[in-house]
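Below: one structure, written as structure tokens.
Residue numbers (this note's numbering): 3 to 152.
See below:
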């Protein structure tokens with residue numbers, strides 16, 4: 003079985019190519035955060051403005067992440083991106099706390115198309131290093147700037 007070890011593509015299990023493509027085509031839906039704790043299958047992250055968000059993943063994220071590690075969270079598309087040796091990888095994570103980063107994004111935000119590549123052997127999304135977006139961490143919680151410069 004890929005990813006979390008089960009066949010499910012529900013949020014928090016294996017990533018499906020459709021939300022991966024939608025998330026990669028929606029750069030302003032990603033927000034930088036840092037991992038602050040793990041509890042069973044819940045992972046808590048803190049954004050630059052101090053807001054906390056809990057993410058649930060079948061089998062947890064403790065094997066994939068470390069406390070203090072920077073991640074990018076797209077609450078809208080239920081994905082988390084983290085560093086990997088070959089670029090970034092994306093993991094499906096169910097958002098437990100629904101805050102403005104999911105429901106109050108402007109409808110007219112830019113959404114350039116970017117394909118979602120999913121490794122069927124692992125159930126994880128893959129972002130090559132040359133196309134990995136870097137998001138500026140904003141303390142005031144405003145929409146991040148996106149750059150694809152490496």
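All residues carry an ideal CB built from backbone N, CA and C; glycine is no exception.
Computed from a predicted model, the values in this text were never measured in an experiment.
If I follow the unbroken beta strand (DSSP E) through residue 58, where does it start and stop? 54-58
Are the Cβ atoms of residue 57 and residue 84 separated by less than 8 Å? no
What residue range is occupied by the uninterrupted beta strand (DSSP E) comprising residue 17? Taken as a continuous stretch (DSSP letters only), residue 17 belongs to no beta strand (DSSP E), as it is neither H nor E.
Who are the near neighbours of residue 63 in its chain, counting only those whose CB is closer than 6 Å to its CB and skipping five residues on each side? Within the same chain, residue 63 has close Cβ partners 45.
Check whether residue 92 and residue 127 have beta carbons under 8 Å apart: yes
Residue 49 to residue 14 span [Cα, whole Å]: 20 Å
Contact under 8 Å by Cβ, residue 59 with residue 43: yes
Between which two residues does the beta strand (DSSP E) harbouring residue 34 extend? Residues 33-41.
First through last residue of the beta strand (DSSP E) which encompasses residue 84: 81-86
Residues of its chain near residue 38, where Cβ-Cβ distance is below 7 Å and the 5 sequence neighbours each way are ignored: Hits under 7 Å: 46, 47, 48 and 69.
Span of the beta strand (DSSP E) around residue 121: 119-121
Hey, out of 96, 88, 40 and 34, whose CA is closest to residue 16's CA? 96
Please report the distance separating the alpha-carbon of residue 12 from that of residue 55. 19 Å
Buried or exposed: where does residue 65 fall if 16 or more other Cβ atoms within 10 Å of its Cβ makes it buried? exposed
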